[in-house]
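Participant:
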DNA sequence: ACCGATGTAAAACGATCATTTTACCCTTCG
DNA sequence: CGAAGGGTAAAATGATCGTTTTACATCGGT
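Chains as they are written, first to last, in the UniProt record's numbering: chain A, 1 to 175; chain B, 1 to 175.
Quick look at the structure:
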């Protein structure tokens, strides 16, 4: 496996599981079995590494997630949770840890959040047949809430949020 | 103001705004204008301080929040957001930062989450007239989701989540 | 008047962190 | 052959961290 890929996948796993601030670069160095010199030649700095991890994750998340229907959306979330575990949204967690003070990281977080909102708005437009800001925010809240609450209530909340979102969209569609 | 209160309020503000790991004890010492010796005599350790902050916040949150009706619940969240700002749930953020590896902290987080779930279950029981696990999870998800999404979408999401929860409970009540 | 508790000021401790540097080892290609 | 590129190993740098220690001041209570 290519060094950059190796670095990004190890960093994503470590930052995601143990937190950004709590994970030292030494762990990344150890787990990749690279030298620290090589690591820094490739990623530049810890902040830049985190930013690249977020960029990669954003790409992977939006490739994984199916935004064609409400049911597809929450089924995607369920599959993600089953495959990756439930630790809440990485973008939100990193934003909270860094307080938005690292531009390269804050930019990735903002890009993810904007993209998520846009995709849900499109879903609403195509499934309910209208542009509805409030309905979009409701589904966004259900999606975020399911992601967060699943960390201590288990993936059952995803099913519950799904049912709720489905009812909302259907009611709006038949208006 | 009493030293313990002073310490807890400064620590809550700092940990909440800048994150637990990113905030050194030096900041707590500086902002309280106490000596580090006095700080450690009172709180024991940084972890213990965080645990006490969470205990205090839990008390304050449940005193502030009105769980009698769905409308009262989301109105309380709106008032909290207006007064304290929107940075997402402190309990969730701290849990994510520490990875659940500090028992005194993890215990406070678990206590908060259990208490929140129970209070919402009671709300559902009294307003919809039934014990409904799924409906409880749905309102929990809306509450968590509104808290999280408000950090980048603003407090409008709270209103949207409120409307959604209200509809859910009413529909369940008239069954 | 004095003792113990409680505070301050400031240095010191040992650990860890992000990052850089030094010295060396291959491989590849002209 | 020989030089350059890209890798390793390991020490060093300088900052910051949580926490403790040393030395000294203040003050209420018997």
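Ideal placement from N, C-alpha and C gives every residue a C-beta, glycine not left out.
Can you confirm whether residue 87 of chain B, when its beta carbon is compared against all beta carbons of chain A, has any partner nearer than 8 Å?
Facilitator: yes
Participant: When you compare the segment 96-103 of chain B with the segment 16-24 of chain A, are there three or more beta-carbon pairs, one atom per stretch, that lie closer than 8 Å?
Facilitator: yes
Participant: Just to make sure I have the definition right: I need the residues of chain B whose C-beta is within less than 9 Å of the C-beta of residue 21 of chain A. Which are they?
Facilitator: 19, 20, 21, 22, 97
Participant: If contact means a Cβ-Cβ distance below 7 Å, which residues of the segment 118-139 of chain B contact chain A?
Facilitator: 134, 137, 138
Participant: Spell out whether any CB of chain B is found under 8 Å from the CB atom of residue 144 of chain A.
Facilitator: With 8 Å as the cut-off, residue 144 of chain A counts as an interface residue toward chain B.
Participant: Quick check: the Cα distance between residue 114 of chain B and residue 95 of chain B, rounded to an integer number of angstroms?
Facilitator: 14 Å
Participant: Comparing the C-beta of residue 92 of chain B with each C-beta of chain A, is any distance below 8 Å?
Facilitator: yes
Participant: Excluding the 5 residues preceding and the 5 following residue 90 of chain A in the sequence, name in chain order all residues of the same chain whose CB lies nearer than 7 Å to its CB.
Facilitator: 16, 57
Participant: Leaving out five residues before and five after residue 122 of chain B in sequence, what residues of the same chain have Cβ atoms less than 8 Å from its Cβ?
Facilitator: 67
Participant: Within 10 angstroms of its Cβ, does residue 32 of chain B collect 16 or more other Cβ (buried), or is it exposed?
Facilitator: Buried, since its Cβ has 16 or more Cβ neighbours within 10 Å.
Participant: Listed from N- to C-terminal order along the chain, which residues in the segment 51-84 of chain A have their beta-carbon within a distance smaller than 8 Å of any beta-carbon of chain B?
Facilitator: none
Participant: How close, in whole Å, do the beta carbons of residue 53 of chain B and residue 150 of chain B come, if the pair is a contact with beta carbons under 8 Å?
Facilitator: Their Cβ separation, rounded to whole angstroms, is 22 Å, which puts residue 53 of chain B and residue 150 of chain B out of contact at 8 Å.
Participant: Please classify residue 62 of chain B as buried or exposed, where buried requires at least 16 neighbouring CB atoms within 10 angstroms.
Facilitator: exposed
Participant: What separation, rounded to the nearest whole angstrom, lies between the Cα atoms of residue 204 of chain A and residue 134 of chain A?
Facilitator: The requested residue 204 of chain A is not part of the displayed model; chain A covers only 1 to 175.
Participant: Go ahead and pull the three-state DSSP assignment for residue 86 of chain A.
Facilitator: DSSP places residue 86 of chain A in coil when its eight states are reduced to three.
Participant: Note down, in chain order, each residue of its chain lying with its Cβ closer than 6 Å to the Cβ of residue 25 of chain B, except the 5 sequence neighbours on either side.
Facilitator: 46
Participant: To the nearest angstrom, how far is it from the Cα of residue 78 of chain A to the Cα of residue 119 of chain A?
Facilitator: 18 Å
Participant: What do you get for residue 38 of chain A, buried or exposed, if any count of 16 or more other CB atoms within 10 angstroms of its CB means buried?
Facilitator: exposed
Participant: Only counting the same chain, and skipping five residues up and downstream in sequence, which positions put a Cβ closer than 8 Å to that of residue 35 of chain B?
Facilitator: Excluding residues within five positions, the ones whose Cβ falls inside 8 Å are 29.
Participant: For residue 180 of chain B and residue 171 of chain A, what's the separation of their Cα atoms in angstroms?
Facilitator: Given a span of 1 to 175 for chain B in the structure shown, any question on residue 180 of chain B remains unanswerable.
Participant: Measure the Cβ-Cβ separation of residue 157 of chain A and residue 70 of chain A and say whether it is below 8 Å.
Facilitator: no
Participant: Can you tell me whether residue 136 of chain A is buried or exposed? The criterion is at least 16 other CB atoms within 10 Å of its CB, across all chains shown.
Facilitator: buried
Participant: Please state whether DSSP places residue 102 of chain A in a helix, a strand or coil.
Facilitator: It is coil, neither helix nor strand.
Participant: Which one of A/162, A/131, A/174 has the shortest CA to CA distance from residue 73 of chain A?
Facilitator: A/162
Participant: Can you tell me where the alpha helix (DSSP H) holding residue 145 of chain A begins and where it ends?
Facilitator: Where residue 145 of chain A is concerned, the enclosing alpha helix (DSSP H) starts and stops at 133-153.
Participant: Judging by CA-CA distance, which residue of B/145, B/139, B/44, B/42 is the nearest neighbour of residue 88 of chain A?
Facilitator: B/145
Participant: Comparing C-alpha positions only, which one of B/49, B/130, B/41 sits nearest to residue 23 of chain B?
Facilitator: B/49
Participant: Residue 153 of chain A versus chain B: which residues are under 9 Å apart at the beta carbon?
Facilitator: 113, 117, 137, 140, 141
Participant: Mark residue 147 of chain B as exposed unless 16 or more other C-beta atoms lie within 10 angstroms of its C-beta, in which case mark it buried.
Facilitator: buried
Participant: Return helix, strand or coil for residue 15 of chain B, following the three-state DSSP convention.
Facilitator: helix
Participant: Restricting to Cα atoms, I'd like to know which of A/65, A/55, A/142, A/75 is closest to residue 105 of chain A.
Facilitator: A/55
Participant: Beta carbon of residue 138 of chain A, beta carbon of residue 160 of chain B: below 8 Å?
Facilitator: yes
Participant: So is residue 81 of chain A buried or exposed if we call it buried at 16+ other beta carbons inside 10 Å?
Facilitator: buried
Participant: Can you list, in chain order, the residues of its chain with a C-beta nearer than 8 Å to that of residue 127 of chain A? Leave out the 5 residues immediately preceding and following it.
Facilitator: 69, 70, 169, 173
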